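Residue numbers (our numbering), protein chains in the order written: chain E, 1 to 217; chain G, 218 to 434. The block underneath contains the structure these notes are about, expressed in C-alpha cells.
There are 2 protein chains.
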Amino acid sequence: MKILYIFAHPEPKSFNSAMKEAALETLNEQGHEVKLSDLFSTGFKPVLDRHDFLQPKRTDVFNPFMEQMNASKNGTFSTDIMNEMEKVTWADMLIFQFPIYFTGFPSMMKGWIDRVFAAGFAFNPATGNMYETGLLKGKKAMLVMTAGADEALYSKEGAHGDINELLRYITHCTFEYTGLEVLHSHIVFGAGKMSEERARSEISSYMDRLRSLAQHE
Amino acid sequence: MKILYIFAHPEPKSFNSAMKEAALETLNEQGHEVKLSDLFSTGFKPVLDRHDFLQPKRTDVFNPFMEQMNASKNGTFSTDIMNEMEKVTWADMLIFQFPIYFTGFPSMMKGWIDRVFAAGFAFNPATGNMYETGLLKGKKAMLVMTAGADEALYSKEGAHGDINELLRYITHCTFEYTGLEVLHSHIVFGAGKMSEERARSEISSYMDRLRSLAQHE
C-alpha cells in the first residue's frame, strides 16, 4: 500500500518519536511505500488563515470556507498545502500519530486537518460529497495515539468515558465524513510513566499491528 | 461577573466578529467586567512547544507534561501564557467563541487550550486534582459556536449525530475535567449562508442569552 504517515510530536527523543521510527521501518519492511509528514520537524504552519490562498476570491473579506472551495477548484492553495494534498491523493492509507491532548489532536495536528482536509478537496457540502460520497472515498485512515491517562479513565465506567465513543468526532465526523474507511485506533495508555521494558513491549505490539495491516485491513 | 471572552476567528468583518462585538457590548451593559483574548488579532502562538518554558527542567529532552508541571510550580511559562493564566484566574466565567471546524476547535483555539490549560494549572493528575477537585473549580464555561452545517446534520438522527454528545470531549473531558461548571452551548447552525435578516435575528438571540447569564446561570 501507499501510506502517508502524519506525525505530530515536538521531541525527537520522545516515546512518540520512537514509535514513529519503528513504524516507518516496519512499514518499509512490509513492502509498503511510505511518505512522512513530520509536522514539528518541518515547521508546518498550524493555522488556517488568509495566507493559505495564493489567489483569493475576495481580498476585502476573508471567508475560509469560500476560499477553500475556490482554491480547491483552481489549485491555488499555498505550496505547503498543495504538497500535503498531493500526498493524500497519492496515498491508499493515512496514519495519524500524536499524543492525545484533551481527548483530541494537539493544535499542530488539528491545523493539518483544518488546512489540508479543505472544503472542495476532502468533502463538498455544495455537491453533497460527504460520507458515502466523501472525496477521499477508497482510502483508509487510522489513529495512533499515546495518552498520559490510564485506560481506566477512558473506559466506559471511567471518569472521562469510552475513548472510542469520545473520538467519534474524529473517526466519524471527520474521517468517515470525508469518505475515509476508519481502522480501529491504536492507543497506548499511561504513556507518561512507562518503564523501558513496557516501552519496548508497546512498540513491539504496535509493530505487530502494523504488520497485520495488509492482511486484515 | 468577571468574564474572560476567548475568541478565534481570523476575519474582523465576519459574522463571528459581529457576534463577538455584540457580546462584549451586551456583557458590559449588564455590568459584567469583561476581558477579551482575541487570538487571531493578537497573533497568539498556537502551538505548545519548548519555547513555552522560560526555565526548562530539562534541556536535553522536551517532555511537555513534565515542563508544564514544573512551570506551574515555578511560574515560569512564557509571558503570553502567564498573561492568559492570570486572566483565567481572575475570571468567574470563560466564554469560548469560534467557528466549528471538524466538530471542534479551530487549531488556534485548540492551541490556547493546550498551552493555557496546562498540567499543574488547570488540573493535576499527580495530586488527583481533576473533575470535582479540578483546579478551575468555582468557575463557569460556555461554548459559543457557529457551524456551516445545518442543525439536521448534527441532530441525533443526522449523519454526524447529536452535537452535544459529540462535544463531550470538550464539555466533559476538558472543561469539567478542570473543574469548570459547563453552561449549555450556544450554537448557530447554517452560518455559511445566512440572510442579513437571519444574521440580525441570531445576534439578537445571542444577546438575549447573554442577558440571562447573571439571572439563571
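Here a beta-carbon is modelled for each residue, glycine too, at the ideal position from N, C-alpha and C. Since we're looking at a predicted model, the values are computed, not measured.
Query, Result
"Considering only residues of the same chain and omitting the five flanking positions on each side of E/Ala119, which have a CB-CB separation below 6 Å?", "Phe65, Gln68 and Met69"
"Between G/Arg417 and chain E, is the shortest Cβ-Cβ distance under 8 Å, so that the two count as touching?", "no"
"Do you know whose CA, among G/His226, G/Gly396, G/Trp307 and G/Pro316, lies nearest G/Asn341's CA?", "G/Gly396"
"Please tell me whether G/Leu400 and G/Met359 are closer than 8 Å, where the distance is taken between their beta carbons.", "yes"
"Taking a contact to mean a Cβ-Cβ separation below 8 Å, would you say G/Gly328 touches G/Val264 in this structure?", "yes"
"Going by beta-carbon coordinates alone, are G/Ala297 and G/Phe261 separated by less than 8 Å?", "The amino acid at residue 297 of chain G is misidentified as Ala; the sequence shows Asp. Result yes, Cβ atoms of G/Asp297 and G/Phe261 sit closer than 8 Å."
"Using 8 Å as the threshold, is the C-beta distance between G/Leu256 and G/Met326 below it?", "yes"
"Using the Cα positions of E/Met82 and E/Pro56, report the straight-line distance between them to the nearest angstrom.", "15 Å"
"Measure the Cβ-Cβ separation of E/Asp52 and E/Ser78 and say whether it is below 8 Å.", "yes"
"With E/Asp38 as the anchor, note down where its beta strand (DSSP E) starts and where it stops.", "Glu33 to Asp38"
"Flag this pair as yes or no: are the beta carbons of E/Arg211 and E/Gln30 separated by less than 8 Å?", "yes"
"Name the chain E residues that come within less than 8 Å of G/Phe224, Cβ to Cβ?", "Chain E residues near G/Phe224: none, gap ~14 Å exceeds 8 Å."
"Can you tell which of G/Lys410, G/Glu398, G/Met411 and G/Ala416 has the C-alpha that lies nearest to the C-alpha of G/Ile312?", "G/Glu398"
"Comparing alpha-carbon positions, which option in G/Phe224, G/Asn280, G/Ala339 and G/Pro227 lies nearest E/Pro12?", "G/Asn280"
"Less than 8 Å between the C-beta atoms of E/Met19 and E/Ala214, yes or no?", "no"
"Fully enclosed by the segment 341-390 of chain G, which beta strand (DSSP E) runs are 3 residues long or longer?", "357-363"
"DSSP three-state label for G/Lys290, please.", "helix"
"Using only alpha-carbon positions, find the residue among E/Lys156, E/His160, E/Thr171 and E/Ala159 that is nearest to G/Gly437.", "With chain G covering only 218 through 434, there is no way to say anything about residue 437 of chain G."
"Excluding five sequence neighbours on each side, which residues of the same chain lie with their C-beta closer than 6 Å to the C-beta of G/Ile317?", "Met362 and Ala364"
"At 8 Å on the CB atoms, spell out the chain G contacts of E/Arg168, in chain order.", "Gly378 and Leu383"
"Would you mind telling me which residues of chain E sit closer than 8 Å to G/Val278, beta carbon to beta carbon, in chain order?", "Glu11, Lys13 and Ser14"
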